[in-house]
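Residue numbers (numbering that gives the first Met the number 0), protein chains in the order written: chain A, 0 to 224; chain B, 0 to 224. Just so it is clear, CB atoms sit at the ideal spot from N, CA and C, and this is done for glycine as well. Down below is the structure, laid out as structure tokens.
There are 2 protein chains.
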Amino acid sequence: MKTLSQTEENYLKEIFHLSTAVEDRVSTNSLAARLNSKASSITDMLQKLADKGFVEYVKYKGCFLTELGESIAIQIIRKHRLWETFLVNKLNFGWEEVHAVAEQLEHIDSLKLIDSLDHFLNYPKFDPHGDPIPDKNGNIVYRESILQLIEVAPNSLVEVVAVSEDSLALLKFLEQHGLRLESELEILEKYPFDESMRIRSAKGEEINLSKKVAENIRVKFLAKI
Amino acid sequence: MKTLSQTEENYLKEIFHLSTAVEDRVSTNSLAARLNSKASSITDMLQKLADKGFVEYVKYKGCFLTELGESIAIQIIRKHRLWETFLVNKLNFGWEEVHAVAEQLEHIDSLKLIDSLDHFLNYPKFDPHGDPIPDKNGNIVYRESILQLIEVAPNSLVEVVAVSEDSLALLKFLEQHGLRLESELEILEKYPFDESMRIRSAKGEEINLSKKVAENIRVKFLAKI
DNA sequence: TTTAATTTTTAGGTTTGTCTAAAAAAATTA
DNA sequence: TAATTTTTTTAGACAAACCTAAAAATTAAA
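What follows is the structure in structure tokens.
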């Protein structure tokens, strides 16, 4: 397997972060913002990454990682988080000063190094920021973390665990659509213009939720669909 | 202080090695050989490094490091040797497999990181190859009474203390014949025609070493036999 | 639905670090 | 010392990764 440039690795990593946290297809502009470069540079690079089989890219439609691209991105994230753990646990760095150094260390290319480090650190599951460390095979154990529904990306399956607003009307509305505690729902689409979202309830009903509503529903992430 | 590119750092490091070990003024060609590139590329870069004040360079006459260039080179070597020590002492790498990884790690830019690592390793004075580790201020403690094996007379018993060449092939060769650090060996005979020598390892095996190899093994004199 | 605004792409440059081929200088040899 | 060989430099190109400015596509608004 040929090795990627640091720049290419950073692109894959950011596409991964954006597509799990924010958008299903990652737009040129949002990548440009994350990578501190211009949209035209992003377009250039996306075309190259698509040629090499790391991303799917359609002009004007944004991109997402291929299986290959995703597995590479995950390994970079694994390295990043293991190094952060090393810096904090062994070298007594503060957890806020590790990021910049880990950004460099994550590009060191040696499988033996990273596996030895993992062993040396006793196979930690989470980094100093609480983020999960992917294992050698790229499996990521997501912590049972509670999110606002509005933060969840499309095509995610989540479980309702709480509703923070004490509005009787809201609770009734949710009840009517089968959105009660412990029920599952699927995020279908997010509309950036008003930050509303379309979801499918456990019953199969499709429902539109406004920003206000989606902010007040707390969910546990279950899976990507 | 602006940071140098990895390429620039590698140039300074090689100029340092060549000018302390081989030639006073480093020639374009010898740099080209060490850096695996063409003489014309070296010329280009030397002109840039001279402009930036890292080397003194006179056309057709070769180059040497300025005080600034040398202090940078020494810090890179410090990082390289500290990382090698980390890999061997903490991650249980073999001393012959550390070089390639340390070549990458030596370019990580963080003063805090390298000083913390130094502390974590307990301020080691020598790396796994027996080479001295420069301290924070760039001071290098050269070991006394250490000779190149090639300088030692027949019928001497010596102890291997360092291997100066970072050649994986050489390190493997030595490892295979039981010539590791702290092992003893006996010089049996020297052949003037090609400056090779015959030695007996600690295991009792008789081995012929070329001039090139014998130059790169550093030993401590123990006794006449 | 037509216009206006925004996003994205294309076209053409720049810098870094490399290369090959040819020219120039230095060193060696006869 | 003149001729030859070796070393080094110059000149011109190329790929990676970026940029600006302008064009094209998409999205939003009137």
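What residues from chain A crowd round L90/B, counting only those whose CB sits closer than 9 Å? K111, L112, S115, L116, H118, F119
Listed by chain order, chain B residues near Q74/A by CB distance under 7 Å: Residues of chain B passing the Cβ test: none, with the nearest at roughly 16 Å.
Output yes or no for whether 9 Å exceeds the beta carbon distance between I73/B and L3/B. no
I need the boundaries of the beta strand (DSSP E) containing A161/B, first residue and last residue. 155-162
Any C-beta of chain B sitting closer than 9 Å to the C-beta of I107/A? For I107/A, the answer is yes, since a Cβ of chain B falls inside 9 Å of its Cβ.
Just the C-alpha distance for L243/A and S200/A, rounded to the nearest angstrom, thanks. Since the first residue shown for chain A is 0 and the last is 224, residue 243/A is missing from the structure and cannot be characterised.
Segment contact flag, the stretch 105-122 of chain A with the stretch 83-90 of chain B, C-beta cutoff 8 Å, min 3 pairs: Between the stretch 105-122 of chain A and the stretch 83-90 of chain B, the count of Cβ pairs shorter than 8 Å is three or higher; the stretches touch.
Got a sec: which bits of the stretch 0-19 of chain A sit with their beta carbon under 9 Å from any beta carbon on chain B, in order along the chain? Correct list: empty, as no residue qualifies.
Between D50/B and E13/A, what straight-line distance do the alpha-carbon atoms span, to the nearest angstrom? 37 Å
With a Cβ-Cβ cutoff of 9 Å, do Q46/B and Y59/B count as a contact? no
According to the neighbour-count rule (16 or more other Cβ atoms, all chains shown, within 10 Å of its Cβ), is S18/B buried or exposed? buried
Cutoff 9 Å: E83/A Cβ touching any chain B Cβ: no
Positions along the stretch 92-105 of chain B whose CB lies within less than 8 Å of some CB in chain A: F92, E96, A99, V100, Q103, L104
Status (buried if at least 16 other CB within 10 Å, exposed otherwise) for H79/B: Looking at its Cβ environment, which holds 16 or more other Cβ atoms inside 10 Å, H79/B is buried.
When the Cα atoms are used, what is the spatial distance from P153/A to K223/A? 9 Å
In the DSSP assignment, what residue or residues form a beta bridge with Q147/B? R217/B
Would you say L173/A reaches chain B, if we count a Cβ-Cβ gap shorter than 9 Å as a contact? No, because no Cβ of chain B sits closer than 9 Å to the Cβ of L173/A.
Thinking C-beta only, is K202/A closer than 9 Å to M196/A? no
Mind checking if L170/B is an interface residue toward chain A, Cβ cutoff 9 Å exclusive? no
Could you tell me the distance, in whole angstroms, from the CA atom of V140/A to the CA atom of Y122/A? The alpha-carbon atoms of V140/A and Y122/A are separated by roughly 13 Å.
Below 8 Å on the Cβ atoms is my guess for Q147/A versus R217/A; work out the distance and round it to an integer in Å. 6 Å between Cβ atoms; contact.
Proximity test, Cβ basis, 9 Å: L86/B and chain A: yes
First through last residue of the beta strand (DSSP E) which encompasses V57/A: Counting along the chain, the beta strand (DSSP E) containing V57/A begins and ends at 54-57.
Short of 7 Å in beta carbon distance, which residues of its chain neighbour K210/B, apart from the five on each side in sequence? Order them along the chain. I149, D193, E194, S195
Which one of N91/B, V100/B, E96/B, D108/B has the shortest CA to CA distance from A99/A? Comparing Cα positions, the closest option is D108/B.
Output the distance between the C-alpha atoms of E185/A and E174/A, rounded to the nearest integer angstrom. One Cα belongs to E185/A, the other to E174/A, and the distance between them is close to 16 Å.
Using the C-alpha atoms, what's the distance from L187/B back to N138/A? 58 Å
Could you compute how far the alpha carbon of N91/B sits from the alpha carbon of N215/A? Roughly 51 Å between the two C-alpha positions.
Determine whether the beta carbon atoms of L110/A and F53/A lie at a separation below 9 Å. no
Alpha-carbon spacing of W94/B relative to F125/B, whole angstroms: 13 Å
List the residues that DSSP assigns as beta-bridge partners of A222/A. L156/A
Mind checking which residues open and close the beta strand (DSSP E) that includes R197/A? Looking at the DSSP string, the run of the beta strand (DSSP E) that includes R197/A is 195-199.
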